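Everything below concerns the one structure shown next.
Residue numbers (my numbering), protein chains in the order written: chain H, 1 to 362; chain L, 363 to 643.
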């Protein structure tokens with residue numbers, strides 16, 4: 001039996017807790033959160049709670065922790081757990097910036113513990129199907145891959161109206177906006193599908209006048225093949241669950257494929273079908289396919305299952321920290337390149353302005 | 363509009379900035395309409411008066427971000443008018459009778475002390491109360507951020523808010539409306555009474571205003587004229603606006619969404635599958 005604690009019982013922490021409780025051979029011993037409301041949610045499922053994660057880690061016999069803290073608290077959470085010898089599951093993004101990510105990875109290596117970052121998009125059924133076709137060579141050599149993820153971000157509430165936590169809107173506390181939040185997944189996916197990339201172009205938008213970017217486009221060039229990857233992200237869409245504006249399109253020398261080809265045509269019909277199958281599994285005494293009725297959310301269970309499987313067997317995690325550092329390297333480059341692009345843009349605007357004035361004078 | 367603007371010193375303009383959604387979604391008041399109102403007031407009153415554009419925090423919205431995200435910071439700076447978060451500053455509790463009950467609500471003194479209140483709502487439907495326009499926009503000016511706590515008594519609270527805060531002029535932003543979906547209608551409506559305005563707005567959205575509980579109660583409380591409404595059509599006919607509105611069944615939505623959630627909860631209870639926390643609350 002593997003014992004686990006949940007650090008951070010907000011929306012994601014609660015979901016991880018429910019999923020971890022359903023993984024065979026895992027006992028969720030306790031959870032920690034400053035919020036009484038969040039602690040009460042966990043207590044409803046008979047999970048012991050603490051108002052401080054250090055108290056949880058010090059008091060309980062744990063093998064691992066699931067860390068779902070805001071970006072600005074991740075480093076200290078990882079450091080504390082690593083020093084106590086605990087293996088770690090960490091929500092993406094790994095950190096606010098590359099330097100912090102490197103420190104965190106250095107720390108877990110030094111303390112000889114293991115850490116896996118929860119890039120659950122790899123386990124969307126549509127992404128898995130696309131990956132199989134790419135790996136089998138069915139679309140040939142991919143020359144262009146475009147990826148899109150445009151969600152509500154901080155501009156729209158979920159089903160229940162609650163304000164978005166203010167740290168999301170702070171560059172210091174969050175580290176970044178739509179690129180770090182959404183682009184992280186897309187960059188991880190393109191790298192996983194096609195290998196390592198460098199950034200060649202980056203333009204990040206701030207239409208909402210926040211201290212972080214609310215949209216952006218970056219262009220990637222493969223280090224090992226001829227592929228160009230394009231990442232489009234935005235926080236500007238009002239649409240919420242079950243709408244999900246995500247896709248990857250692969251253009252290869254043999255043909256084209258897209259995640260859009262594999263998603264259910266109707267989310268509600270899929271929910272009914274998958275729900276019915278699970279009820280049959282239940283009656284037959286078989287393991288459920290958790291959250292498959294939501295389609296995309298099943299990936300959260302899957303990644304939790306893989307994390308604990310690796311812990312139990314001692315096998316390598318399916319998601320390496322080296323690759324996650326690469327994602328942070330690309331994001332760091334995109335932020336720096338965007339600054340250069342903006343400066344250049346500003347120069348061009350000044351040049352056009354001065355030419356315009358000259359013409360007016362003439 | 364034949365409104366007597368003499369002696370006006372403090373004007374409050376109340377747009378609907380319910381969330382951080384831009385005007386293109388049909389959810390929030392288009393800044394261009396507020397700009398037009400400011401210009402109109404200056405033309406009619408002159409320059410010797412103060413204009414404040416005001417909004418209160420909402421359950422899922424913080425005004426300080428909404429002003430910035432929706433461009434109101436810039437709009438007010440350019441037009442030399444003040445911006446006010448109605449959830450901050452001097453808040454005064456006011457009690458008013460609605461039917462046989464008393465309702466006490468907190469309002470900002472800036473709103474209470476205004477000589478002229480210009481209510482600039484959206485023309486849109488609402489999942490909870492059906493119609494949202496001028497009267498519901500005044501509900502949005504209550505200084506308490508967590509307004510969903512009023513939902514159990516929302517009919518009385520909307521009416522009470524409008525008895526305490528009386529909109530002098532209503533200018534409805536119907537440039538982009540929202541019913542079953544957003545739609546460009548390009549309509550501006552104006553009225554000197556929020557109830558009268560909302561009766562017409564309800565009809566445009568295919569609601570029977572007498573069957574919208576808060577409008578029916580407001581009519582009984584004589585907040586405004588609900589029977590003999592005089593409408594001046596300029597450029598576009600009311601029937602045409604109604605025909606073009608993206609109609610939406612409030613009842614069907616409530617039944618459908620409620621039934622889906624109940625089914626989902628029953629399914630997860632029986633099967634042992636996970637119910638994502640955000641769907642449970």
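Virtual Cβ for every residue (Gly too), placed ideally from N, Cα, C. None of these values were measured; they are calculated from a predicted model.
- Just measuring C-alpha positions, the residue of H/258, H/253, H/336 and H/15 sitting nearest residue 298 of chain H is H/15.
- At least 8 Å separates the CB of residue 125 of chain H from every CB of chain L.
- Against chain H, the CB of residue 635 of chain L has a partner CB under 8 Å away; the residue lies at that interface.
- Leaving aside the five residues that flank residue 104 of chain H on each side, the residues in its chain whose CB is nearer than 7 Å to its CB run, in chain order, 75, 78, 94 and 95.
- Against chain H, the CB of residue 511 of chain L has no partner CB under 8 Å away; the residue lies outside that interface.
- In this structure, L/603 is the residue among L/447, L/524, L/603 and L/467 with its C-alpha nearest to the C-alpha of residue 568 of chain L.
- Neighbours of residue 19 of chain H in chain L, taken as residues at a C-beta separation under 7 Å, are given in chain order as 636.
- Each residue's CA atom was taken as its position, placing residue 184 of chain H and residue 458 of chain L some 53 Å apart.
- In the assembly as shown, residue 324 of chain H is a buried residue. Its beta-carbon has 16 or more other beta-carbons within 10 Å.
- Between residue 22 of chain H and chain L, the shortest Cβ-Cβ separation is below 8 Å.
- DSSP places residue 11 of chain H in the uninterrupted alpha helix (DSSP H) bounded by 11-20.
- The straight-line gap separating the alpha-carbon atoms of residue 574 of chain L and residue 491 of chain L is approximately 8 Å.
- Residues of chain L with a Cβ closer than 8 Å to the Cβ of residue 162 of chain H are, in chain order, 421 and 422.
- DSSP places residue 535 of chain L inside the beta strand (DSSP E), whose first and last residues are 531-540.
- Per DSSP, reduced to three states, the secondary structure at residue 234 of chain H is strand.
- Our two residues, residue 572 of chain L and residue 578 of chain L, have alpha carbons roughly 5 Å apart in a direct line.
- At least 8 Å separates the beta-carbon of residue 67 of chain H from that of residue 187 of chain H.
- For residue 597 of chain L, the closest of L/553, L/549, L/613 and L/627 by C-alpha to C-alpha distance is L/549.
- Within the same chain, and ignoring the five residues on either side of residue 531 of chain L in sequence, the residues whose Cβ sits closer than 8 Å to its Cβ are 363, 365, 478, 479, 480, 481, 552, 553 and 554.
- Residue 205 of chain H carries a strand assignment under DSSP once its states are collapsed to helix, strand and coil.
- Contact of residue 387 of chain L with chain H by beta-carbon distance below 7 Å involves 238.
- In the displayed model, residue 412 of chain L falls within a strand according to three-state DSSP.
- Given a length threshold of 4 residues, each whole run of the alpha helix (DSSP H) inside the region 558-584 of chain L is given here in chain order: 575-582.
- In this structure, residue 391 of chain L places its C-beta atom within 8 Å of the C-beta atom of residue 377 of chain L.
- Segment contact: the region 133-140 of chain H against the region 227-246 of chain H, fewer than three CB-CB distances shorter than 8 Å; contact not assigned.
- Taking the Cα positions, residue 518 of chain L is about 21 Å away from residue 486 of chain L.
- Under the criterion of beta carbons closer than 8 Å, residue 127 of chain H and residue 189 of chain H qualify as touching, at roughly 6 Å.
- By the rule that beta-carbons nearer than 8 Å mark a contact, residue 427 of chain L touches chain H.
- By the CB criterion at 8 Å, residue 302 of chain H and residue 123 of chain H fall inside the cutoff.
- Its Cα nearest to that of residue 367 of chain L, the residue L/409 stands out among L/409, L/389, L/594 and L/642.
- Take residue 270 of chain H, set aside five residues on each side of it, and the residues of its chain with a beta-carbon closer than 8 Å to its own are 264, 293 and 295, in chain order.
- Contact of residue 282 of chain H with chain L by beta-carbon distance below 8 Å involves 632, 633 and 634.
- With a threshold of 8 Å between beta carbons, residue 210 of chain H makes contact with chain L.
- Cβ atoms of residue 560 of chain L and residue 288 of chain H stay farther apart than 8 Å, at about 49 Å.
- Residue 556 of chain L sits close to residue 524 of chain L, with the two beta carbons spaced by under 8 Å.
- What residue 629 of chain L touches in chain H, judged by beta-carbon distance under 7 Å, is 275, going in chain order.
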